[in-house]
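Okay, so the sequence shown: first residue is 1 according to the UniProt record's numbering, each after it adds one.
Please read the structure below before turning to the comments.
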Amino acid sequence: MTDAPLRVMVVDDHPMWREGVARDLTEEGFDVVATADGCVSAAARAAAVRPDVVLMDMQMPDGSGAVATAAVLDAHPCAHVLVLSASDERDDVLEAIKAGATGYLVKSAQRSELVAAVRATGDGQAVFTPGLAGLVLGEYRRIARSPGEADAAVPTLTQRETEVLRHVAKGLSSRQIATRLEISPRTVENHVGAALRKLQLGNRVELTRYAIEHGLDDE
């Protein structure tokens, strides 16, 4: 039995670009379940069609991509948001990630890069245009190491949960982590879920931030 194709929603206020991307992804075997042209429509359609991956522009008539990302994830928390934007400005990138986006790709990317990024995003990986990943990691390390911030009590994770979290911080998917640790993907997801509960975090993106802030990606 073959795996079902990834369900994708494309959010962009430019009709020609939006439909062009949707067409390209359909030709590559993705199931484009919806398109939207703004924040409100994106949230409503995400709740209705429950896509695996949402391709999100950063500029729309009724708000920013960061606002739309937060609204989509509020409507459908299991979605993975990949920003596809003409802007590679630092503030745009960081706002998108803070809102819950898994990755950030600029629109100058080749079709093959976009296809690979959508697949990786659907698999739970963090995907960035070259150069932007370092910007994001550097910003979160700067925040984490800023003086004057009180350290909260850190919940105790098991050794296996910590191992899984270390691999999550490096951007590995559940399948990749399972292969490295010689356990099943379902077991990986169970450990991720346990870590989320203990750390009182909402999703895998927040878990990745936590791991980066605590230096687990350096180990």
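Just so it is clear, CB atoms sit at the ideal spot from N, CA and C, and this is done for glycine as well.
These numbers come from a predicted model, not from an experiment.
| Item | Value |
| --- | --- |
| Distance, residue 45 Cα to residue 148 Cα | With a pLDDT of only 46 at residue 148, under the threshold of 50, the placement of this residue in the model should not be trusted; the figure read from the coordinates follows. So the alpha carbons of these two residues sit roughly 42 Å apart. |
| Same chain only: Cβ atoms within 8 Å of residue 203, ignoring 5 sequence neighbours per side | 73, 77, 100 and 196 |
| Proximity below 8 Å, CB of residue 179 to CB of residue 126 | no |
| For residue 66 and residue 164, the rounded distance between their alpha carbons | 28 Å |
| Own chain residues within Cβ distance below 6 Å of residue 50, not counting five before or after | 76 |
| Counterpart residues of residue 7 in DSSP-defined beta bridges | 31 |
| Straight-line gap, residue 200 to residue 172 (C-alpha atoms, nearest Å) | 21 Å |
| Beta-carbon proximity list for residue 52, same chain, < 6 Å, skipping 5 on both sides | 6, 7 and 122 |
| Residue 112, buried or exposed, once every other Cβ within 10 Å from all chains shown has been counted against 16 | exposed |
| Sequence-distant residues of its chain with Cβ nearer than 7 Å to residue 24 (five each side left out) | 111 |
| Identity of the residue in 16, 11 and 211 nearest residue 33 by Cα | 11 |
| CB contact flag (residue 85, residue 62, <8 Å) | no |
| Bridge-paired residues (DSSP) for residue 103 | 82 |
| Secondary structure of residue 125, DSSP reduced to three states | coil |
| Rounded C-alpha distance that separates residue 22 from residue 15 | 10 Å |
| Neighbourhood of residue 205 by C-beta, 7 Å cutoff - its chain only, sequence neighbours within 5 removed | 100 and 102 |
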